[in-house]
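Worksheet for the structure shown next.
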Amino acid sequence: MAVARGKVIPDGRIKVIQPLEEGVITSIHIKEGEKVNKGQLLLELDASMELADISSLENSLNMATLEKNLILAELNGKFSKEGMKTTNLNNVSASEIIELQKKYSQSKNEEYLAQTETLQAIFEQKEKDIQLAKINLESLKSKHNYIKNEVNSFKTLYENGAIPKIELTKKEEELLLSQKEIDSQTLLIERLNGELKEAQANLTSLTKLYEKELATKDKELSDRLVAKEKEIIALEDQLSKAKKILKYQKLISPVDGVVQGIASQTVGGVVTPAQPVVTIVPDGTPLIVETNVLNKDIGFIEVGQLVDVKFDTFPFQKYGVIKGKVLSISPDAVEDEKIGLVYNIKVGLTKNTFKIRNKEVNISSGMTVSAEIKTGKRRIIEFFLSPIIKNLKESLTLR
Numbered sequence: 032m033a034v035a036r037g038k039v040i041p042d043g044r045i046k047v048i049q050p051l052e053e054g055v056i057t058s059i060h061i062k063e064g065e066k067v068n069k070g071q072l073l074l075e076l077d078a079s080m081e082l083a084d085i086s087s088l089e090n091s092l093n094m095a096t097l098e099k100n101l102i103l104a105e106l107n108g109k110f111s112k113e114g115m116k117t118t119n120l121n122n123v124s125a126s127e128i129i130e131l132q133k134k135y136s137q138s139k140n141e142e143y144l145a146q147t148e149t150l151q152a153i154f155e156q157k158e159k160d161i162q163l164a165k166i167n168l169e170s171l172k173s174k175h176n177y178i179k180n181e182v183n184s185f186k187t188l189y190e191n192g193a194i195p196k197i198e199l200t201k202k203e204e205e206l207l208l209s210q211k212e213i214d215s216q217t218l219l220i221e222r223l224n225g226e227l228k229e230a231q232a233n234l235t236s237l238t239k240l241y242e243k244e245l246a247t248k249d250k251e252l253s254d255r256l257v258a259k260e261k262e263i264i265a266l267e268d269q270l271s272k273a274k275k276i277l278k279y280q281k282l283i284s285p286v287d288g289v290v291q292g293i294a295s296q297t298v299g300g301v302v303t304p305a306q307p308v309v310t311i312v313p314d315g316t317p318l319i320v321e322t323n324v325l326n327k328d329i330g331f332i333e334v335g336q337l338v339d340v341k342f343d344t345f346p347f348q349k350y351g352v353i354k355g356k357v358l359s360i361s362p363d364a365v366e367d368e369k370i371g372l373v374y375n376i377k378v379g380l381t382k383n384t385f386k387i388r389n390k391e392v393n394i395s396s397g398m399t400v401s402a403e404i405k406t407g408k409r410r411i412i413e414f415f416l417s418p419i420i421k422n423l424k425e426s427l428t429l430r
């Protein structure tokens, strides 16, 4: 028989709870050996930084969304206060921004309309001036023809000696003056036509300039809209990640089970990423005994040998032992600081309870035991002769 000390451990499937990032423990809600349920809060890490990040990102996202809506409103020319009443941008309320945009847009439109109306009025006035000048020209031409006929009549009268030379000369001068008036009126019409074309060109130029400004502004707004939408997507992604990180500041049990260990039981203690903080043995996990056998005994131990397991918690004289069987033997020995070279052996148990006061009490992970491995039968005389034979062999070797 080989006797070895050991303890009860779960047969694999232990759940290790680890933090995602470095943090400071602010509260511990469980203790070792405690039964926990799936989803139960185990411990909490300081979340002040994460909450500040989330608040900052939410503010940035709200501002970016407001700016996007304002850009859309300006693009579509539809300004609405709906959904923007409580949002501020650089200490200016959304409604104030909308009013400013409306006033700016209206002032630009009014400025264009005023300029258009002015140029249109000039154009129409030139048309009226030309029309009036043409009427005057026709009148001057009629007058000129009338004077011309008079000159011809005066010439006949003069040739017949009916009138003096001076009368004919006056009438001819009147004809020349009439022609000058026609020439002057013709020049006026030409000048007015030039001014009309200029007014038309100014009106066309203003319209094209306004349309160009609108197109440039639309492109600028469209570019800003695309950039703002990208910014919103990036902020939403960052906010989603920040909320996940905040969620991970609360370490939750993934299964129903029993707390096997807590790495740090100090509030204010620092934990690092991927550090095992809490270990949980899931309900239904088989329990086995892990023990270390001395090097001198390992040669007599085989897989399948029977084992009597005595629990320190339950004195075997009163509660008996739990039967077991050797499940595995480590291929190599390891150095134990206290007892030297040892081999790790795992022992399966036939049951996990003791009957105490007519009630079945479960054994639990961490309980210490003594494992008596039945290595084979020896006659009683061998127990007495073994030391003598050993001493005899050693004395013969010395000689």
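Quick note: the sequence shown uses the numbering used here, first residue 32, plus one each step.
No residue lacks a Cβ here, since even glycine has one placed at the ideal position from N, Cα and C.
Notebook entry, point to check: Comparing alpha-carbon positions, which option in Val340, Gln49, Ala265 and Lys211 lies nearest Asn383?
Noted result: Counted from its first residue, the sequence shown places residue 383 at position 352. Comparing C-alpha distances from Asn383 to each of Val340, Gln49, Ala265 and Lys211 shows the shortest one belongs to Val340.
Next item on the list: Return helix, strand or coil for Glu75, following the three-state DSSP convention.
Entry: Start at 1 with the first residue of the sequence shown, and residue 75 comes out as number 44. Strand, per DSSP.
Check: Is DSSP giving Tyr279 helix, strand or coil here?
Finding: As a position in the sequence shown, residue 279 is number 248, starting the count at 1. If DSSP states are grouped into helix, strand and coil, Tyr279 belongs with coil.
Note to self: Using the Cβ count rule (16 or more neighbours within 10 Å means buried), how would you classify Gly43?
What the structure shows: One-based indexing of the sequence shown puts residue 43 at position 12. The residue in question, Gly43, is exposed, as its Cβ has fewer than 16 Cβ neighbours within 10 Å.
Margin query: For Leu277 and Glu75, what's the separation of their Cα atoms in angstroms?
Written below: Residue mapping note: residue 277 aligns to position 246 of the sequence shown, counting from 1. Residue mapping note: residue 75 aligns to position 44 of the sequence shown, counting from 1. The alpha-carbon atoms of Leu277 and Glu75 are separated by roughly 10 Å.
Next item on the list: Write down the C-beta distance between Ile45 and Gln291 rounded to the nearest angstrom, noting that I regard them as a contact closer than 8 Å.
Entry: Mapped onto the sequence shown, residue 45 falls at position 14. Mapped onto the sequence shown, residue 291 falls at position 260. In this structure Ile45 is in contact with Gln291, their Cβ atoms being roughly 7 Å apart against a cut-off of 8 Å.
Check: Near Glu212, which residues of its chain fall below 6 Å by C-beta distance, leaving aside the five closest residues on each side in sequence?
Finding: Along the sequence shown, read from residue 1 onward, the residue named residue 212 stands at position 181. Take Glu212, set aside five residues on each side of it, and the residues of its chain with a beta-carbon closer than 6 Å to its own are Leu171, in chain order.
Notebook entry, point to check: Mind pulling the alpha helix (DSSP H) runs of 4 or more residues that sit fully within the region 340-374?
Noted result: Entirely contained in the region 340-374, the alpha helix (DSSP H) runs reaching 4 residues are, in chain order, 347-350.
Next item on the list: Note down, in chain order, each residue of its chain lying with its Cβ closer than 8 Å to the Cβ of Thr316, except the 5 sequence neighbours on either side.
Entry: Your numbering for residue 316 matches position 285 in the sequence shown. Cβ neighbours of Thr316 beyond the five flanking positions: Pro41, Asp42, Gly43, Arg44, Ile45 and Gly288.
Next item on the list: Just the C-alpha distance for Met32 and Gly379, rounded to the nearest angstrom, thanks.
Entry: On the sequence shown, position 1 is the one that residue 32 refers to. On the sequence shown, position 348 is the one that residue 379 refers to. Roughly 17 Å between the two C-alpha positions.
Next item on the list: Check each candidate in Val308, Gln336 and Ser361 and name the one with the smallest Cα separation from Ile59.
Entry: For the purposes of this step, residue 59 is identified with residue 28 of the sequence shown, where counting begins at 1. Comparing C-alpha distances from Ile59 to each of Val308, Gln336 and Ser361 shows the shortest one belongs to Val308.
Checklist line | Continuous beta strand (DSSP E) stretch holding Gly288: start and end | finding: Residue 288 sits at position 257 when you count from the first residue of the sequence shown. Counting along the chain, the beta strand (DSSP E) containing Gly288 begins and ends at Gly288 to Ile293.
Margin query: With H, G and I counted as helix, E and B as strand and the rest as coil, what does DSSP make of Leu325?
Written below: Start at 1 with the first residue of the sequence shown, and residue 325 comes out as number 294. Note: Leu325 maps to strand in three-state DSSP.
Notebook entry, point to check: Three or more C-beta pairs closer than 8 Å, one from the region 72-88 and one from the region 354-362: is that the case here?
Noted result: No contact exists between the region 72-88 and the region 354-362.
Next item on the list: Please classify Ser236: does DSSP put it in a helix, a strand, or coil?
Entry: In the sequence shown, counting from the first residue as 1, residue 236 sits at position 205. Taken through DSSP and simplified to helix, strand or coil, Ser236 comes out as helix.
Next item on the list: Tell me where the beta strand (DSSP E) around Pro313 begins and ends.
Entry: Here residue 313 corresponds to residue number 282 of the sequence shown, with the count starting at 1. Element bounds for Pro313: Val309 to Pro313.
Notebook entry, point to check: Nearest CA to the CA of Ser295: which residue from Glu105, Thr57 and Glu366?
Noted result: The count along the sequence shown starts at 1 and reaches residue 295 at position 264. Residue Thr57 holds the alpha-carbon nearest to the alpha-carbon of Ser295 among Glu105, Thr57 and Glu366.
Margin query: For a test of the three-state rule: what should DSSP assign to Thr381, helix, strand or coil?
Written below: As a first step, residue 381 must be located in the sequence shown, where it is residue number 350. It is coil, neither helix nor strand.
Note to self: If distances are taken between C-alpha atoms only, which option among Val324, Leu101 and Gly192 comes closest to Asn375?
What the structure shows: Within the sequence shown, the letter at position 344 stands for residue 375. Ranked by Cα distance from Asn375, the first of Val324, Leu101 and Gly192 is Val324.
Item checked: Coarse secondary structure for Arg255, derived from DSSP in three states -> Translated into the one-based positions of the sequence shown, residue 255 becomes position 224. Arg255 falls in the helix class under three-state DSSP.
Next item on the list: Would you mind sorting Leu245 into buried or exposed? The rule is 16 or more other CB atoms within 10 Å of its CB.
Entry: For the purposes of this step, residue 245 is taken as residue 214 along the sequence shown, with counting starting at 1. Leu245 should be labelled exposed.
Notebook entry, point to check: Going by Cα to Cα distance, which pick from Ile153, Gln146 and Met398 is closest to Val320?
Noted result: Position 289 of the sequence shown holds residue 320. For the residues Ile153, Gln146 and Met398, the minimum Cα distance to Val320 belongs to Met398.
Margin query: Going by DSSP, what residue range makes up the beta strand (DSSP E) through Pro41?
Written below: Here residue 41 is taken as the residue at index 10 of the sequence shown, counted from 1. In the DSSP assignment, Pro41 falls within the unbroken beta strand (DSSP E) covering Ala33 to Pro41.
Next item on the list: Please report how far the alpha carbon of Leu97 lies from the alpha carbon of Ala104, in whole angstroms.
Entry: The residue given as residue 97 occupies position 66 in the sequence shown. The residue given as residue 104 occupies position 73 in the sequence shown. C-alpha separation (whole angstroms): 10 Å.
Check: Is it true that the CB of Gln280 sits closer than 9 Å to the CB of Lys81?
Finding: For the purposes of this step, residue 81 is taken as residue 50 along the sequence shown, with counting starting at 1. For the purposes of this step, residue 280 is taken as residue 249 along the sequence shown, with counting starting at 1. The amino acid at residue 81 is misidentified as Lys; the sequence shows Glu. At the C-beta level, Glu81 and Gln280 come within 9 Å of one another.
Next item on the list: Indicate whether the contact test is met: 3 or more Cβ pairs, each with one atom in the region 146-166 and one in the region 212-231, closer than 8 Å.
Entry: At 8 Å Cβ cutoff, the stretches touch.
Check: Would you report the Cα separation of Ser253 and Ile264, rounded to the nearest angstrom?
Finding: As a working note, residue 253 is residue 222 in the sequence shown. As a working note, residue 264 is residue 233 in the sequence shown. Approximately 17 Å, taken between the alpha carbons.
Checklist line | Cβ-Cβ distance between Lys196 and Val182 below 9 Å | finding: Here the question's residue 196 lines up with position 165 in the sequence shown. Here the question's residue 182 lines up with position 151 in the sequence shown. Using a Cβ distance threshold of 9 Å, Lys196 and Val182 do not count as a contacting pair.
Checklist line | Rounded straight-line distance, which links the Cα of Lys272 to that of Thr344 | finding: Numbered from its first residue, the sequence shown carries residue 344 at position 313. Numbered from its first residue, the sequence shown carries residue 272 at position 241. Taking the straight line from one Cα to the other gives about 48 Å.
Check: Going straight from the alpha carbon of Ala193 to that of Thr200, what length do you get?
Finding: Translated into the one-based positions of the sequence shown, residue 193 becomes position 162. Translated into the one-based positions of the sequence shown, residue 200 becomes position 169. Taking the straight line from one Cα to the other gives about 14 Å.
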